[in-house]
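29 is the number of the first residue of the sequence shown in this note's numbering; add one for each residue after it. We put the CB at the ideal spot given by N, CA and C, even for glycine. All figures in this text were calculated on a predicted structure; none of them were measured in a lab. In what follows, a structure is listed as structure tokens, so that the remarks can point back to it.
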Amino acid sequence: MNEEKHEEDIQFTQTELERPKVNIKDLILSLVAVLLCGCTLSGAIPAAYIGLASAAMFVYVVIAIRNIGAVLQLLLTSVLVTALTFLPVCGAAVLALMLGAGTLAWLFMTLPKYKWAPIGLLAVSYGLGCLVTSDFVIPLLALAFLPAAALMAWAHARDLGRTSTVLHAFLGFIFAALAALCVLLFKNYGSVNYNVLMTFVNQLKDLFVTIAAEGGKILLVAVEEAAAEAALPADAVETLRQTFAQAFAESNLRIMADTLMGLAPALIGVPALIISYLSNVVLLRKYYNTEWRSHMTLAACTLTVSPAASVIYFVCMLIVVVVSKQSVFLMAVTNMCLLLLPGLALVGINVILHNARRTGGWLGKASILLVVAVVFCMGLSSLYFLALWGAYVTISAALHKKIMQKLKDQNKKDQN
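What follows is the structure, given as structure tokens:
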């Protein structure tokens, strides 16, 4: 027993000697970044200063990542969230989740003896949030990226592969989202059960219908004013009123609300997947830009999608296109299609970029310009076709590998 313990100590000592030294400047900068991300999420930073917090986090992105492609991915994601929600706080929160999870995972990996120390910074963020907001529940959002960072570090330490690492971070964010939902339900209703959840969902639907109806009225007034300035005929104005009345009728808004609630798994899962992937980008760039670059393996840097997932996406996409009648089955298929979309679209983009680099010359540049043109012309719909291309490439590669293996086995049999 003592000999085994002695051998374990020797192996641990050798591992510690092989570990690169942590640069004190990188360490301090990372700790400050985690504290800033936690304060942004906990409400410790007032809304009037959220722009300064976003600017500080963006400066950290540039300093820590040092790659224009990765920087643009994080920045555009934050800007897109701000544009969709019209709230700078939401964009800052998403940026804090991505940076916080990736940086905290890096600290867990590089501080084996003091890996629990960064969690103390999140406790400080929570305390500051309580002082500023005078609330003890909302500041718990400072811990939102802790599960994702811990699971991502665990998967990365065991070299489970980049796809598995991203999925571990995804599970961490989903766990945090479910925990936040439970806390919200308990705070507002005093308990957490199925009936309370359904009451909350119905209230969300009513709120959506109310806001959409009011927004329709405001939009109709603006259109009528524009029509009056343009001196449109009375018949055209009446047609516009009827169109708005039909589009923003309560029955149609109810159907739209039911559809959105049916797509809730995808509406929550897809952003969580994107945030998880970009958190992993932060982690890998932190590794690459420090002395830990030698610890990056091929599996940890390669994003793959299984052929089974590609086949499932192709079938789900076909069903969504062909079937038009609304049903629970179609809603489940649509959710599955949307959840598989980001990964396969990313694979499709990576394949196109790889082929462009390998081809070179004007042909490679033309293929990239063609993809950019398709994205600009089709918008988000282009992602479906990029995902189809990713699924096709994945399935083709798997079939080619299987055929070559069969030929190799056949040759061995013939030789024997």
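8 Å contact criterion, which residue i and residue j should meet: CB distance rounded
| i | j | result |
| --- | --- | --- |
| L398 | L369 | The Cβ separation is near 21 Å, so there is no contact. |
| S338 | L372 | 7 Å |
| P293 | N363 | 5 Å |
| P48 | W390 | With 8 Å as the limit, P48 and W390 do not qualify as a contact, their Cβ atoms being about 43 Å apart. |
| G119 | T110 | 3 Å |
| G66 | L188 | Their Cβ separation, rounded to whole angstroms, is 27 Å, which puts G66 and L188 out of contact at 8 Å. |
| L331 | L374 | 7 Å |
Straight-line gap, residue i to residue j (C-alpha atoms, nearest Å)
| i | j | result |
| --- | --- | --- |
| I380 | L414 | 9 Å |
| K358 | C344 | In the sequence as displayed, the identity of residue 358 is Leu instead of Lys. Answer to the nearest angstrom: the Cα atoms are 9 Å apart. |
| L312 | K53 | 18 Å |
| K440 | A336 | 29 Å |
| L159 | A124 | 20 Å |
| K434 | L427 | 11 Å |
| A121 | I396 | 32 Å |
| S106 | Y88 | 14 Å |
| G157 | A83 | 20 Å |
| M137 | N308 | 13 Å |
| L169 | I73 | 13 Å |
| L206 | V117 | 21 Å |
| A75 | I93 | 27 Å |
| A240 | F276 | 7 Å |
| L260 | L268 | 11 Å |
| L69 | A172 | 8 Å |
| A262 | A256 | 9 Å |
| V60 | F201 | 22 Å |
| F236 | I91 | 41 Å |
| K436 | L209 | 54 Å |
| T191 | V421 | 17 Å |
| V403 | A177 | 32 Å |
| S334 | Y316 | 26 Å |
| Y305 | L108 | 16 Å |
| T238 | G244 | 10 Å |
| I296 | L115 | 18 Å |
With 16 other Cβ atoms within 10 Å as the buried cut-off, status of residue i
| i | result |
| --- | --- |
| H196 | buried |
| H184 | buried |
| R386 | exposed |
| V220 | exposed |
| G128 | buried |
| I302 | buried |
| E44 | Residue confidence is low: E44 scores 47 on pLDDT, short of 50, so the model does not pin down where it sits. No coordinate-derived value is stated. |
| M85 | buried |
| G218 | exposed |
| M226 | exposed |
| V62 | buried |
| M126 | buried |
| F214 | exposed |
| K314 | buried |
| L64 | buried |
| A145 | exposed |
| C405 | exposed |
Within-8 Å CB hit, residue i to chain D
| i | result |
| --- | --- |
| A151 | Considering every chain present, this structure includes no chain D. It has just one protein chain. |
Beta-carbon proximity list for residue i, same chain, < 6 Å, skipping 5 on both sides
| i | result |
| --- | --- |
| M180 | A133, T193, H196 and A197 |
| V50 | T138 |
| A419 | S338, Y341, F342 and L372 |
| L248 | F272 |
| W417 | G376 |
| K353 | none |
Cut-off 8 Å between Cβ atoms - residues of its own chain near residue i, not counting five sequence neighbours on either side
| i | result |
| --- | --- |
| D286 | K233 |
Same chain only: Cβ atoms within 7 Å of residue i, ignoring 5 sequence neighbours per side
| i | result |
| --- | --- |
| E252 | V265 |
| T161 | G71 and P167 |
| V361 | C344, I347 and V348 |
| L199 | L179 |
| I377 | L414 |
Self-check item: alpha helix (DSSP H) segments (min. 4 residues) lying fully within the segment 300-345
Solution: 326-329
Quiz item: What alpha helix (DSSP H) runs, 4 residues minimum, are completely inside the segment 131-162?
Solution: 145-161
Self-check item: alpha helix (DSSP H) segments (min. 4 residues) lying fully within the segment 249-275
Solution: 262-275
Exercise. Within the segment 67-94, note down every full alpha helix (DSSP H) run reaching 4 residues or more, in order along the chain.
Key: Within the segment 67-94, the complete alpha helix (DSSP H) runs of at least 4 residues are 78-93.
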